[in-house]
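The structure appears right after this line, and notes come after that.
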Amino acid sequence: MIQTRGETVEIIHHKKRRKNDMKKKQLLCLVLALLFLIPWMGASLADQTVYEKPASDDVQEKAAIEQAKATLCEHFTDMQAILDASTAEASFGYLDAEIKAPIWLVEFRDPDAYYGSYFVSLSRKGELISYSAPYSMPYGPDDNELTGVTYATPGAYDISEQEAIRQAKSGLTEIGDYENRMDRLTEKAYFLYGERYNNGDEPVWLIYFYQDDVLQQKTLLAYDGTYIDTVPAEKQFERTSNNTEGLGERFTYNFSEMTVQEKAEFSRKWIPIVEAYSKDHPYYPARKDPFYLATRRVFGIPGKDCISQQEAAKIAREAAVALGANAETMKARKIGYSFDVTDPEHPFWVLILYSAQLEDLQEAIKRENSDPYEVRIDGKTGKVLMSYNTIGKTDEDGFYY
Numbered sequence: 005m006i007q008t009r010g011e012t013v014e015i016i017h018h019k020k021r022r023k024n025d026m027k028k029k030q031l032l033c034l035v036l037a038l039l040f041l042i043p044w045m046g047a048s049l050a051d052q053t054v055y056e057k058p059a060s061d062d063v064q065e066k067a068a069i070e071q072a073k074a075t076l077c078e079h080f081t082d083m084q085a086i087l088d089a090s091t092a093e094a095s096f097g098y099l100d101a102e103i104k105a106p107i108w109l110v111e112f113r114d115p116d117a118y119y120g121s122y123f124v125s126l127s128r129k130g131e132l133i134s135y136s137a138p139y140s141m142p143y144g145p146d147d148n149e150l151t152g153v154t155y156a157t158p159g160a161y162d163i164s165e166q167e168a169i170r171q172a173k174s175g176l177t178e179i180g181d182y183e184n185r186m187d188r189l190t191e192k193a194y195f196l197y198g199e200r201y202n203n204g205d206e207p208v209w210l211i212y213f214y215q216d217d218v219l220q221q222k223t224l225l226a227y228d229g230t231y232i233d234t235v236p237a238e239k240q241f242e243r244t245s246n247n248t249e250g251l252g253e254r255f256t257y258n259f260s261e262m263t264v265q266e267k268a269e270f271s272r273k274w275i276p277i278v279e280a281y282s283k284d285h286p287y288y289p290a291r292k293d294p295f296y297l298a299t300r301r302v303f304g305i306p307g308k309d310c311i312s313q314q315e316a317a318k319i320a321r322e323a324a325v326a327l328g329a330n331a332e333t334m335k336a337r338k339i340g341y342s343f344d345v346t347d348p349e350h351p352f353w354v355l356i357l358y359s360a361q362l363e364d365l366q367e368a369i370k371r372e373n374s375d376p377y378e379v380r381i382d383g384k385t386g387k388v389l390m391s392y393n394t395i396g397k398t399d400e401d402g403f404y405y
């Protein structure tokens, strides 16, 4: 199948941040931020958006907008009509934390169109920094469709190179006069991963078409042959993702606020949906998606032969105190409850004891009050299976949070 994904995924995702941080870390960061508010503000000031007026020797607004228009027309197809229907908004200042100087950011937005905005960023002297189409990663001035990719080998889920070329050729018959010169074209196909393509989660087929050894056209297909985009040789792809409906409301779940009954309902509803979705989207499970991981466990409701939620809470508090938690502030801690019945013969409770919510910030930041804990308890016997301080445990089972 695909070449070893472990290293590939790490390379592709090295710039990503987890979209769903655990509540335990959020609470701790909030307390620390409140305590050290003044120095934190000073240290991070350079990372804040600060607008300025351009100096007399900087590129001025009108020139920045015209240069941005020219950039988009140079790199994307059929841009003039889009730009004519769009409103241009140019901002100048410290708009990128990675660039320690003022820059121009020009946005072209058509409020009546279904697509989003086009962006161009320029240095204060007019050098191109980046440009982007709606819903796509920005291109740097020297970037192209092969920048930062990892080549792979198609497997059972993927169409073959021959089939990818055939489907790409079929699409070319609708463009210009390619149908009349198809026999004069040669092609080269690449199967690859890249952060630009489907956020690095799914591979794509990139097919180049040449005539007399000169590149003429580029076509992008999903791993299963679904059409994504095609552009002339000198242009960049605007669409780089295989659009699917996804799982819709999946982003609305919040385990830290769910009751045991709600988590059980979550499992009943979403496990079958995710299983069916995964069959049609074979690369989805490889995304290390917290939602997907949450459906790898089965949540349920304790039976008559199991210890109650109140009993589990008492045991978990005692376990946390044994690890160094302050017994006197234990009742100020919010608790997240999960009853795991993935193995119905061996169910267990998972309790997350979040930081104590105290009005006295000096007390709140003490580790005995701020450190969160996880405790797992045998659902039938009440025996503590595992208990630990979760600080620094970023790779633990976040789907319990």
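Here the sequence shown is numbered in my numbering, starting from 5 and rising by one per residue.
For glycine and all other residues, C-beta sits at the position ideal for the given N, C-alpha and C.
These numbers were taken from a predicted model, which means no experiment stands behind them.
Closest by C-alpha distance to Glu378, out of Gln366, Ser359, Glu363, Ala368, is Ser359. Boundaries of the beta strand (DSSP E) harbouring Pro236: 231-236, taken from the DSSP string.
For the pair Met141 and Glu199, the CB atoms are nearer than the 8 angstroms cut-off. In this structure, the alpha-carbon of Phe343 lies about 10 angstroms from that of Arg380. When rounded, the separation of the alpha-carbon atoms in Thr223 and Ile232 is 8 angstroms. Here Ile275 has Thr299 as same chain residues with Cβ atoms under 6 angstroms from its own Cβ, once five neighbours each way along the sequence are excluded. The count of Cβ pairs closer than 8 angstroms, one atom from the segment 296-311 and one from the segment 321-329, stays below three, leaving the stretches out of contact. An exposed status is given to Asp216, since fewer than 16 other beta-carbon atoms sit within 10 Å of its beta-carbon. Taking the Cα of Glu149 as reference, the smallest distance to any Cα among Pro351, Ser95, Ser391, Glu242 is reached at Glu242.
The shortest CA-to-CA distance from Ala172 to any of Tyr227, Ala74, Tyr201 is the one to Tyr227.
For a cut-off of 8 angstroms, the C-beta gap from Ile107 to Leu126 is around 6 angstroms, short enough to register as a contact.
Excluding residues up to 5 positions away in sequence, Met83, Gln84 lie with their Cβ nearer than 7 angstroms to the Cβ of Cys77 in the same chain.
Between Phe123 and Lys239, the C-beta gap is not smaller than 8 angstroms, which leaves the two residues out of contact.
In this structure, the CA atom of Glu367 is about 24 angstroms from the CA atom of Ser260. In the DSSP assignment, Ala92 falls outside any alpha helix (DSSP H) and within the unbroken beta strand (DSSP E) covering 91-98. Excluding its 5 nearest sequence neighbours in each direction, Lys192 has C-beta neighbours in its own chain below 6 angstroms: Tyr212, listed in chain order.
By the C-beta density criterion, Ala89 is exposed, having fewer than 16 other C-beta atoms within 10 angstroms. Fully enclosed alpha helix (DSSP H) runs of no fewer than 4 residues occupy 294-298, 313-326 of the segment 294-341, in order along the chain. DSSP places Asp187 in the helix class (H, G or I) of the three-state scheme. Excluding sequence positions up to five before and after Ile311, its CB lies within less than 6 angstroms of the CB of Gly386, all in the same chain and listed in chain order. Judged by DSSP secondary structure, Asp61 falls outside any alpha helix (DSSP H); it is assigned neither H nor E. Taking C-alpha positions only, Tyr405 is separated from Trp353 by approximately 13 angstroms. For Ala160, no alpha helix (DSSP H) segment is defined, and its DSSP state is neither H nor E. For Asp382, the secondary structure class from DSSP, reduced to helix, strand or coil, is strand.
Contact between Leu355 and Ala320 holds, since their C-beta atoms are separated by about 4 angstroms, short of 8 angstroms.
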